[in-house]
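Residue numbers (UniProt numbering): 1 to 138. Beneath this line is the structure, given in structure tokens, with notes to follow.
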């Protein structure tokens with residue numbers, strides 16, 4: 001199986017890996033983590049700038065201006081949460097790789113299909129368990 005240029009062999013990603021394959025996966029996950037971390041840090045800086053502008057430039061605002069600023073602030077906060085969540089997922093995937101559970105579903109412990117890991121290397125659940133979680137939450 002190919003996960004973002006990393007070859008993974010065997011029925012599941014958790015079994016049958018060579019040390020070289022593990023390092024390839026680790027590199028993919030580390031790159032993903034580093035990219036997300038850089039994006040998160042840049043978003044934090046932008047969010048701080050937005051807050052400073054909002055604080056210093058609120059005199060004379062009408063309701064529309066205030067509403068626009070609130071919407072911008074909410075969008076920036078949502079972006080920060082999303083980036084932080086994705087960064088945490090990549091970090092968790094690296095920890096699972098270290099402890100030998102990467103590629104197995106955290107719900108049912110069956111192998112996560114390689115197609116899912118190829119698209120989403122940080123996946124921790126198979127499609128069925130993910131759907132069940134979403135139904136319960138929804």
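Note that the Cβ used here is the ideal one computed from N, Cα and C, for glycine as well. Predicted, not measured: the structure shown is a model, and the values here were computed from it.
Note that the C-beta distance between residue 96 and residue 36 is not below 8 Å. Each residue's CA atom was taken as its position, placing residue 109 and residue 81 some 28 Å apart. Between residue 48 and residue 111, the alpha-carbon positions lie close to 42 Å from each other. If you ignore the 5 residues before and after residue 94, its C-beta comes within less than 8 Å of the C-beta of 26, 29, 30, 33, all in its own chain and listed in chain order. Per DSSP, the continuous alpha helix (DSSP H) segment holding residue 132 begins and ends at 127–137.
In this structure, residue 72 lies near residue 50, with their beta-carbon atoms less than 8 Å apart. DSSP places residue 111 within a strand segment (E or B) once states are collapsed to three.
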